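**Q** A single structure is presented below for examination.
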Amino acid sequence: MTQYSFDMSLTLTLTGGSSVLAVSYFPAIDLTDADYELGLTDFETYHTIPNVNFSNNKFYFGNDDKEITIPEGSYELHAINDYLKRAILRDGTPARDVENDYDEEYQ
């Protein structure tokens with residue numbers, strides 16, 4: 016029978032905006048006086064699954080099918096809406112409020 020002792024507990028929190036999370040602790044964590052095992056008890060991540068990629072990042076509009084390319088990444092719907100509105104306005108075409116159209120259509 017294996018017996019476990021929980022003499023030391025340490026929470027390490029890593030935050031960041033890229034796919035690589037790294038941290039350097041100073042002074043270093045001293046683990047010289049015993050044998051240790053490391054376990055991951057919780058892993059939380061938000062907005063990490065790309066929902067816009069090369070296969071679905073083109074938006075066509077207007078009578079002549081003008082094209083807007085949305086950068087690949089993870090987005091909330093309102094962020095895509097805002098991006099498209101800005102791109103359409105830069106083109107000189109008046110933009111409608113897509114969110115209000117959606118709300119009225121599906122109520």
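Residue numbers for the sequence shown, in my numbering: 16 to 122.
Each residue gets a CB set at the ideal place from its N, CA and C atoms; glycine is no exception.
Being a predicted model, the structure only gives us computed values, none of them experimental.
Please check if any C-beta of chain C sits within less than 7 Å of the C-beta of Thr56.
**A** Looking at the structure shown, chain C is missing, and only one protein chain is on hand.
**Q** Tell me which same chain residues have a C-beta within less than 7 Å of the C-beta of Leu8, skipping the five on either side of it?
**A** What is shown of the chain runs 16 to 122, which leaves residue 8 out entirely.
**Q** Is the separation between the beta-carbon of Ser39 and that of Asn66 shorter than 7 Å?
**A** no
**Q** Measure the Cβ-Cβ separation of Thr84 and Lys73 and say whether it is below 7 Å.
**A** yes
**Q** Would DSSP call Ile85 helix, strand or coil?
**A** coil
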